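Novice: Please find one structure pasted underneath; my questions will follow.
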Amino acid sequence: VQLQASGGGVVQAGGSLRLSCAASESIFSMGWYRQAPGKQRELVASITSGGTTNYGDSVKGRFTISRDNGKNTVYLQMASLRLEDTAVYYCVAARYTDITLPVNRKWGQGTQVTVSS
Numbered sequence: 001v002q003l004q005a006s007g008g009g010v011v012q013a014g015g016s017l018r019l020s021c022a023a024s025e026s027i028f029s030m031g032w033y034r035q036a037p038g039k040q041r042e043l044v045a046s047i048t049s050g051g052t053t054n055y056g057d058s059v060k061g062r063f064t065i066s067r068d069n070g071k072n073t074v075y076l077q078m079a080s081l082r083l084e085d086t087a088v089y090y091c092v093a094a095r096y097t098d099i100t101l102p103v104n105r106k107w108g109q110g111t112q113v114t115v116s117s
């Protein structure tokens with residue numbers, strides 16, 4: 001599977017940004033991880049083809065993940081962005097398992113999100 005992510009950039013604190021990631025084929029689970037400098041990679045959000053979602057604690061209530069199964073595309077709407085949301089965001093997909101499990105995951109190239117003060 002090939003993943004094509006887009007939508008990163010620079011935004012002011014409190015602002016919004018939307019990331020997109022298109023897969024080359026139908027995928028069971030898709031979502032986003034992020035990694036900030038000097039920190040471990042962490043789950044941002046995931047969604048299954050059936051619409052079950054999972055969010056990292058630090059983004060709950062601010063970020064919304066959705067997907068268009070017809071387009072094999074997942075979206076991450078980020079609102080109320082904070083300085084600490086600055087990171088490289090990675091689109092992740094898994095054909096048969098959830099991306100929250102550390103098996104059989106496909107990682108896309110990262111996209112930088114920078115939140116400025």
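Position one of the sequence shown corresponds to residue 1 (the working numbering), numbered consecutively onward.
By construction, the Cβ of each residue, glycine as well, lies at the ideal position given by its N, Cα and C atoms.
The model shown is predicted, which means the values in this text are computed figures rather than measured ones.
(1) Which residues does DSSP pair with Asp68 in a beta bridge?
(2) Let me make sure I understand the geometry here. Which of Asp85, Tyr90, Ser66 has the alpha-carbon closest to that of Leu76?
(3) Considering only the beta carbon of each residue, do Thr86 and Val113 sit closer than 8 angstroms?
(4) Which one or two residues does DSSP pair with Lys106 in a beta bridge?
(5) What do you get for Ser46, buried or exposed, if any count of 16 or more other CB atoms within 10 angstroms of its CB means buried?
(6) When we look at the beta-carbon of Asn72 and count the other beta-carbons within 10 Å, is it buried (16 or more) or exposed?
(7) Buried or exposed, going by whether 16 or more other CB atoms sit within 10 Å of the CB of Val10?
Specialist: Reading off the structure:
(1) For Asp68, DSSP records a beta bridge to Thr73.
(2) Comparing Cα positions, the closest option is Ser66.
(3) Between Thr86 and Val113, the CB-CB gap stays under 8 angstroms.
(4) According to DSSP, Lys106 shares a beta bridge with Ala93.
(5) Label assigned to Ser46: buried.
(6) Answer is buried; the Cβ neighbour count reaches 16.
(7) Exposed.
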